[in-house]
Amino acid sequence: SGLVTAKVLQSRGHEVVVIEKECSVGGAFRWRSYEDSRMVSSKYLTAFSDLRIPASADTHLTLDDYVKYLEAYTKKFNIEPIFSTVVESIEKEGEGYVVTCKNANSEWSACYDAVAICSGLHTYPRLVPIEKEHVE
1045 SGLVTAKVLQ SRGHEVVVIE KECSVGGAFR WRSYEDSRMV SSKYLTAFSD
1095 LRIPASADTH LTLDDYVKYL EAYTKKFNIE PIFSTVVESI EKEGEGYVVT
1145 CKNANSEWSA CYDAVAICSG LHTYPRLVPI EKEHVE
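Position one of the sequence shown corresponds to residue 1045 (my numbering), numbered consecutively onward.
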């Protein structure tokens, strides 16, 4: 979810910062899966429309192959996540947001015009109260 969101926002001229708590892309497919698992959906349904999976690939990719596909996606669209980093807080400030992040070495805050939260389907969200605002 986050990689495609980042790619679309970049293609629309936005400067995008991707924060990833794991040490690489792949999320549940790399870190929360069974050994020797395969994708349930076929490569035809799983692939993003802007990067097809080669016809020579197995119809149902191994999870390792799908993670390699996601890595290829980040390279093709110049998406460079900040890995091993968690978002500690997001606070509304004026017309933007202050995002505070932390990794093993440091903690920092940065201001952004907008925030997209793309935590994926297979995580337990840490819900925070968000005031209702107009979203375009």
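No residue lacks a Cβ here, since even glycine has one placed at the ideal position from N, Cα and C.
Bridge partners of residue 1135 according to DSSP: 1142. Note that the stretch 1070 to 1077 touches the stretch 1105 to 1121; at least 3 beta-carbon pairs, one per stretch, sit closer than 8 Å.
Contact between residue 1141 and residue 1135 holds, with the beta-carbon distance rounding to 7 Å and staying under 8 Å. By the neighbour-count criterion, in which a residue is buried when 16 or more other Cβ atoms sit within 10 angstroms of its Cβ, residue 1129 is buried. Residues of the same chain with a CB within less than 8 Å of the CB of residue 1105, apart from the 5 flanking positions on each side, are 1082, 1083, 1087, 1090, 1097, 1113 in chain order. In terms of Cβ geometry, residue 1144 and residue 1137 do not form a close pair [threshold 8 Å].
In this structure, residue 1068 sits away from residue 1164, with a CB-CB distance that is not shorter than 8 Å. One Cα belongs to residue 1078, the other to residue 1070, and the distance between them is close to 14 Å. Nearest in C-alpha terms to residue 1157, of all of 1085, 1048, 1080, 1059, is 1059. In the three-state reduction of the DSSP assignment, residue 1095 falls in the strand class, which pools E and B. Annotated as proximal: residue 1126 and residue 1062, with beta-carbon spacing under 8 Å. Boundaries for residue 1115: no beta strand (DSSP E) harbours it, while the alpha helix (DSSP H) harbouring it runs 1107 to 1120, taken from the DSSP string. Taking each of 1154, 1107, 1056 in turn and checking the Cα distance to residue 1080, the smallest one comes out for 1107.
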